[in-house]
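Here's the structure, in structure tokens; my notes come after.
Residue numbers (my numbering), protein chains in the order written: chain A, 2 to 440; chain B, 927 to 1094.
Here is the structure:
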């Protein structure tokens, strides 16, 4: 029996995951858009999409159909071939980058020796789609958007890369699977060992995915829609898909390296084993809420759809609960790490994306010179200091026998002191320039 | 069999796009074919189980240097270069030299094949992960050249900053 399971896991799971990425990712991206609109509406005290389906749950499908049916306009003066395939580069790079991700111990397409570098490197190729699309449109708005995008990406990739180096030094490996295993060995997630690195990665990853407050490549008040001004219909949708795929990718990198991947909170502590029931309870509450809302829907069909959604969620809750109540040692009980790992991974990715949305609706857009100053004068020096700090902590621990509990807090405090000094110096310089500008 | 097919696919892709880089009139198209050539080379690295070289090729050349190339090309007025003479008058000499070099290499491989001691390729499962190997060799055997190269890069970087800034 176990041989059969091993065969299925080794051959079929990667294939199924591959199909899932191509088939389901557009749907996931659509629902992230819906979630974003709902979160935005909530923060602005509105309701958001409510018409298509119960609480707007079918809105992404309606949007996708609309985009597919729209005319695909190619400007007369555009470089047609490049205009035609530029969006494909972005989408392909985004989807390819997902392949080494380990969503739970079961769901992974390829465990590469250079996993994390592969994700970072391949997703960085997506910039060509933006740059070439902006250039080939033969429009000034598009070109300016593409230029801004290239400059921004090149600047922030350094900071993001150095932030990742800090985490990788702790893990000692590049393979996504082994990084999570290393966090399990340490007993803490790397966000607690390298909080400054995590902060740098959050900021840099927002800039890399071109999202507010760093969405200068598509600043609608200045550049219409930036690099995708001339795009319409399906090609425009492909750019959108690439953007949201990239969000998933950076969220997954942060989850894998800093937030413990598929590990449950307090995975090594038996006292917290009751947290195993959290996925089931959480989903049951959501499913029950769906049923609570059913009678309040205005139309019969919406009642049916909402009831079906609630039922689906409760079924998933049942699947997650089954391994917990199965007798120990049975086949069902051995499915627990795979299923629960996937739940925790997706939950963490979702929370990270929620953080992105939260930041988007709270901060005003940066000016371009502010963006560049933040990247080059604050984040890059700080990320280098962070790497040195983690190196120092590792040396203190390994060579001088200090315990983790003294070495890491000490170096974190040092790094924070440097961060404070950098911020203070930058503020002073900015004030001086402002005074010089007025005179 | 599959290995060979993959190799010839990437090799042909690299050669064809390299030829297109120099023959295309449009600079942006040249740049795109240069990216293709670099990625095809990366594919050959991957086929040889040199994962680290593969990803470094992708990150540094395709993702880093070529982005800067394209960035600069977009600021150039393309109409000027479209009407300029693309090759100077010695192009046939260059072609001749390239052909001679190619012929030499072909003959050297054809003649020396029997005398060349080619070991049996190790099975992929026996290979040590290349990332760790590269790291170990760089920081032990080739420590000094590695550090000298990094200092050279630092000097070049500082030089670029000094030349770019009016007032330091």
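Using N, Cα and C, we set each Cβ at its ideal position, and we do this for glycine too.
Values in this document were obtained by computation on a predicted structure and should not be read as measured data.
Among the options, which one has its Cα closest to the Cα of residue i?
i: residue 137 of chain A; options: A/164, A/231, A/343; result: A/231
i: residue 114 of chain A; options: B/1058, B/1068, B/1025, B/1021; result: B/1058
i: residue 72 of chain A; options: A/237, A/260, A/295, A/259; result: A/237
i: residue 957 of chain B; options: B/1090, B/989, B/1082; result: B/989
i: residue 189 of chain A; options: A/419, A/288, A/61, A/264; result: A/264
i: residue 147 of chain A; options: A/175, A/162, A/224; result: A/224
i: residue 209 of chain A; options: A/275, A/239, A/286, A/122; result: A/122
i: residue 41 of chain A; options: A/424, A/361, A/390, A/387; result: A/361
i: residue 336 of chain A; options: A/20, A/97, A/108; result: A/108
i: residue 181 of chain A; options: A/150, A/346, A/98; result: A/346
i: residue 133 of chain A; options: A/416, A/429, A/227; result: A/227
i: residue 320 of chain A; options: A/117, A/278, A/369; result: A/278
i: residue 386 of chain A; options: A/405, A/212, A/166; result: A/166
i: residue 382 of chain A; options: A/251, A/312, A/162; result: A/162
i: residue 100 of chain A; options: A/110, A/250, A/80, A/118; result: A/110
i: residue 986 of chain B; options: A/14, A/98, A/126, A/116; result: A/126
i: residue 412 of chain A; options: A/350, A/393, A/222, A/398; result: A/393
i: residue 937 of chain B; options: B/1035, B/965, B/927, B/983; result: B/965
Checking contacts by CB at 7 angstroms: is residue i closer than that to chain A?
i: residue 1000 of chain B; result: yes
i: residue 1071 of chain B; result: no
i: residue 1067 of chain B; result: no
i: residue 1033 of chain B; result: no
i: residue 949 of chain B; result: no
i: residue 962 of chain B; result: no
i: residue 997 of chain B; result: yes
i: residue 1087 of chain B; result: no
i: residue 1057 of chain B; result: yes
i: residue 953 of chain B; result: no
i: residue 993 of chain B; result: yes
I need the DSSP call for residue i, collapsed to helix, strand or coil.
i: residue 448 of chain A; result: This structure gives no information on residue 448 of chain A, because the portion of chain A shown stretches from 2 to 440.
i: residue 197 of chain A; result: helix
i: residue 364 of chain A; result: coil
i: residue 1026 of chain B; result: helix
i: residue 401 of chain A; result: coil
i: residue 1072 of chain B; result: helix
i: residue 104 of chain A; result: strand
i: residue 74 of chain A; result: coil
i: residue 992 of chain B; result: helix
i: residue 32 of chain A; result: helix
i: residue 1002 of chain B; result: coil
i: residue 210 of chain A; result: coil
i: residue 190 of chain A; result: coil
i: residue 952 of chain B; result: coil
Do you know how far the Cα of residue j is from the Cα of residue i?
i: residue 373 of chain A; j: residue 156 of chain A; result: 7 angstroms
i: residue 290 of chain A; j: residue 296 of chain A; result: 11 angstroms
i: residue 378 of chain A; j: residue 160 of chain A; result: 11 angstroms
i: residue 78 of chain A; j: residue 140 of chain A; result: 9 angstroms
i: residue 881 of chain B; j: residue 998 of chain B; result: Residue 881 of chain B is absent from the structure shown; chain B starts at 927 and stops at 1094.
i: residue 120 of chain A; j: residue 1079 of chain B; result: 26 angstroms
i: residue 1026 of chain B; j: residue 934 of chain B; result: 23 angstroms
i: residue 363 of chain A; j: residue 218 of chain A; result: 19 angstroms
i: residue 1024 of chain B; j: residue 973 of chain B; result: 27 angstroms
i: residue 1098 of chain B; j: residue 145 of chain A; result: Absent from the structure is residue 1098 of chain B, since the part of chain B shown begins at 927 and ends at 1094.
i: residue 172 of chain A; j: residue 183 of chain A; result: 6 angstroms
i: residue 253 of chain A; j: residue 1029 of chain B; result: 50 angstroms
i: residue 104 of chain A; j: residue 260 of chain A; result: 13 angstroms
i: residue 49 of chain A; j: residue 301 of chain A; result: 21 angstroms
i: residue 426 of chain A; j: residue 389 of chain A; result: 20 angstroms
i: residue 273 of chain A; j: residue 266 of chain A; result: 8 angstroms
Using a Cβ-Cβ distance cut-off of 7 angstroms, determine whether residue i contacts chain B.
i: residue 442 of chain A; result: In the structure as shown, chain A starts at 2 and stops at 440, and residue 442 of chain A therefore has no counterpart that could be examined.
i: residue 49 of chain A; result: no
i: residue 114 of chain A; result: yes
i: residue 155 of chain A; result: yes
i: residue 252 of chain A; result: no
i: residue 85 of chain A; result: no
i: residue 377 of chain A; result: no
i: residue 425 of chain A; result: no
i: residue 136 of chain A; result: yes
task = Check distances from the C-beta atoms of the stretch 208 to 226 of chain A to those of chain B and list, in chain order, the residues that come in under 9 angstroms.
result = none
- Residues, ordered as in the chain, of the stretch 972 to 986 of chain B that lie near chain A by beta-carbon distance below 7 angstroms: 977, 978, 981, 984, 985
| said: Short of 8 angstroms Cβ to Cβ, which residues in the stretch 115 to 132 of chain A face chain B? | reply: Result list: 115, 118, 119, 121, 122, 123, 125, 126, 128, 129, 132.
Exercise for review: For the stretch 139 to 153 of chain A, enumerate the residues whose C-beta is nearer than 9 angstroms to any C-beta of chain B, in chain order.
Suggested key: 144, 147, 148, 151, 152
Discussion item. Under 9 angstroms, CB to CB, which of the residues in the stretch 9 to 26 of chain A have a partner in chain B?
Written reply: Taken residue by residue, none of the stretch 9 to 26 of chain A has a beta-carbon sitting less than 9 angstroms from a beta-carbon on chain B.
Residues of the stretch 175 to 205 of chain A with a CB closer than 8 angstroms to any CB of chain B: list them in chain order, please. 175
Checklist line | the stretch 390 to 417 of chain A: positions lying closer than 7 angstroms to chain B by Cβ | finding: Of all residues in the stretch 390 to 417 of chain A, none comes within less than 7 angstroms of chain B when Cβ atoms are compared.
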